[in-house]
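Contents: one structure, followed by commentary.
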Amino acid sequence: MKFKTLGKIAAGAAASALLVFSLAGCGSSASSASASDSASALSGSISTNGSTSMEKVIGSLSEAFMADNKGVTITYDATGSGTGIECAKNKTTDVGLASRDLKDSETGLKSITVGLDGIAVIVNADSQVSDLSLAQVTDIFTGKITNWSEVGGADLEISCIGRESGSGTRDGFESITKTADSCKLDQELTSTGAVITAVSSSKNAIGYASLSSVEGKNGVKALTIGGVACSEATVLDGTYAIQRPFNFIISESAQLSPAAQAFVDFATSAKAADLIREAGAVPVAK
Numbered sequence: 001m002k003f004k005t006l007g008k009i010a011a012g013a014a015a016s017a018l019l020v021f022s023l024a025g026c027g028s029s030a031s032s033a034s035a036s037d038s039a040s041a042l043s044g045s046i047s048t049n050g051s052t053s054m055e056k057v058i059g060s061l062s063e064a065f066m067a068d069n070k071g072v073t074i075t076y077d078a079t080g081s082g083t084g085i086e087c088a089k090n091k092t093t094d095v096g097l098a099s100r101d102l103k104d105s106e107t108g109l110k111s112i113t114v115g116l117d118g119i120a121v122i123v124n125a126d127s128q129v130s131d132l133s134l135a136q137v138t139d140i141f142t143g144k145i146t147n148w149s150e151v152g153g154a155d156l157e158i159s160c161i162g163r164e165s166g167s168g169t170r171d172g173f174e175s176i177t178k179t180a181d182s183c184k185l186d187q188e189l190t191s192t193g194a195v196i197t198a199v200s201s202s203k204n205a206i207g208y209a210s211l212s213s214v215e216g217k218n219g220v221k222a223l224t225i226g227g228v229a230c231s232e233a234t235v236l237d238g239t240y241a242i243q244r245p246f247n248f249i250i251s252e253s254a255q256l257s258p259a260a261q262a263f264v265d266f267a268t269s270a271k272a273a274d275l276i277r278e279a280g281a282v283p284v285a286k
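Going by the working numbering, the letters in the sequence shown line up with residues 1 to 286, in that order.
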């Protein structure tokens, strides 16, 4: 398999045995691909860069696309949404990956939604708490609620764990919970996997992570928010409150190679829906 994941993945991050890890950074843009009238004749390399939460989604899409296009190599650099957007803007990657919407200041870019993701609020598997309201989540992460006993749990001081500045997961979580600029974290970690590992190791911890990353993980449990579980169905119908998009970010001033354009078209087609679903996200194409 030619799919390569570039970048240093933090401890505890989910990683497929098919992925090959190499150097980190924005890297260079993909080489120009050549194509004949037949899609099977596509060749060249396609670089993707950004959101760590999109690892499973981009991996699944890339493997399927390369299986049908033997002359194409797709690379993935797990740097975070902010860096992925910057690299797309600077044209040092073909496709930026962002688990958030573009900000007003991020101009010259086009955002293409390939899926939706719920941001699960997670606690240690042994926690007595199973449900919080959105207001309680806000109060916990801003320091108004500091002990689990205040929300029906054990008499333990709450430890809030989250992502680093620039993370799409953090941006999505703070935007929805209205905790931007007021979030008080005991630990700021650089990957979704690291947050899951930290919460699983501490009985008083609370954190947040992509739904696609939490499913099947031992040591943590996802809370219901206002009685609504984080699932594909509740994300798609909008009843789960904490959710965000999985986006491809493309420079508006750069023309994609034939191979890169074909990959974007594939990822946003109904043919990719099951792959996105199996990767733990919610497809938007029908």
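Note that the Cβ used here is the ideal one computed from N, Cα and C, for glycine as well.
Exposure label - residue i; buried when at least 16 CB within 10 Å
| i | result |
| --- | --- |
| residue 171 | buried |
| residue 181 | exposed |
| residue 255 | exposed |
| residue 281 | buried |
| residue 243 | buried |
| residue 96 | buried |
| residue 128 | exposed |
| residue 104 | exposed |
| residue 217 | buried |
Sequence-distant residues of the same chain with beta carbon closer than 6 Å to residue i, five excluded per side
| i | result |
| --- | --- |
| residue 65 | 263, 266 |
| residue 283 | 115, 273, 276, 277 |
| residue 38 | Below a pLDDT of 50, predicted positions are generally treated as unreliable, and residue 38, at 43, falls in that range; the measurement from the model is reported next regardless. Nothing meets the Cβ criterion. |
| residue 232 | 282 |
Short Cβ contact (9 Å threshold) for residue i with residue j
| i | j | result |
| --- | --- | --- |
| residue 234 | residue 118 | yes |
| residue 50 | residue 85 | yes |
| residue 125 | residue 195 | no |
| residue 204 | residue 158 | yes |
| residue 130 | residue 99 | no |
| residue 223 | residue 120 | yes |
| residue 270 | residue 69 | no |
| residue 44 | residue 164 | no |
| residue 83 | residue 138 | no |
| residue 161 | residue 202 | yes |
Simplified DSSP state of residue i, which is helix, strand or coil
| i | result |
| --- | --- |
| residue 163 | strand |
| residue 47 | strand |
| residue 169 | helix |
Cutoff 7 Å; reference residue i; Cβ partners in own chain excluding five residues on either side
| i | result |
| --- | --- |
| residue 279 | 56, 57, 60, 212 |
| residue 28 | Confidence in residue 28 is poor, its pLDDT being 42 and thus under 50, which makes the residue's placement too unreliable to answer from. |
Own chain residues within Cβ distance below 8 Å of residue i, not counting five before or after
| i | result |
| --- | --- |
| residue 252 | 108, 109, 110 |
| residue 228 | 234, 239, 240, 241 |
What are the uninterrupted segments assigned as alpha helix (DSSP H) that are 4 or more residues long and contained completely in the segment 198–247, given in chain order? Note on the segment 198–247: whole alpha helix (DSSP H) runs with a minimum of 4 residues are 211–214, 232–236, in chain order.
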